[in-house]
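In the numbering used here, the protein residues as written are 2 to 86.
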């Protein structure tokens with residue numbers, strides 16, 4: 002298993018693990034049905050493997066509620082917000 006950790010000033014970190022086989026451990030420990038992609042958040046312990054949920058989760062969990070400080074999405078209710086969904 003290879004791991005690469007890129008940090009950004011204490012913000013959201015992305016660790017990409019490469020698994021030799023997705024239908025066996027350690028990947029099935031994360032995603033029981035061996036589906037790709039999968040995301041595990043070590044801060045909350047949640048594991049997701051539906052691509053739509055993986056896209057929405059970081060925005061809903063980590064993007065700030067202040068429209069001026071949003072970095073992962075557009076302000077709610079704007080045309081850009083709905084186009085990005």
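Just so you know, even glycine gets a beta-carbon here, dropped at the ideal spot from N, CA and C.
Check whether residue i and residue j have beta carbons under 8 Å apart
i: residue 31; j: residue 39; result: yes
i: residue 56; j: residue 64; result: no
i: residue 68; j: residue 80; result: no
Nearest residue (CA-CA) to residue i, options the options
i: residue 51; options: 37, 24, 82; result: 37
i: residue 58; options: 45, 28, 35; result: 45
i: residue 41; options: 23, 85, 17; result: 17
i: residue 48; options: 75, 66, 28; result: 28
Opposing strand residues paired with residue i [DSSP bridges]
i: residue 39; result: In DSSP, residue 39 forms no bridge with anything.
i: residue 48; result: 41
Minimum Cβ-Cβ distance from residue i to chain D less than 8 Å
i: residue 75; result: Of the chains in the structure shown, none is chain D; there is only one protein chain.
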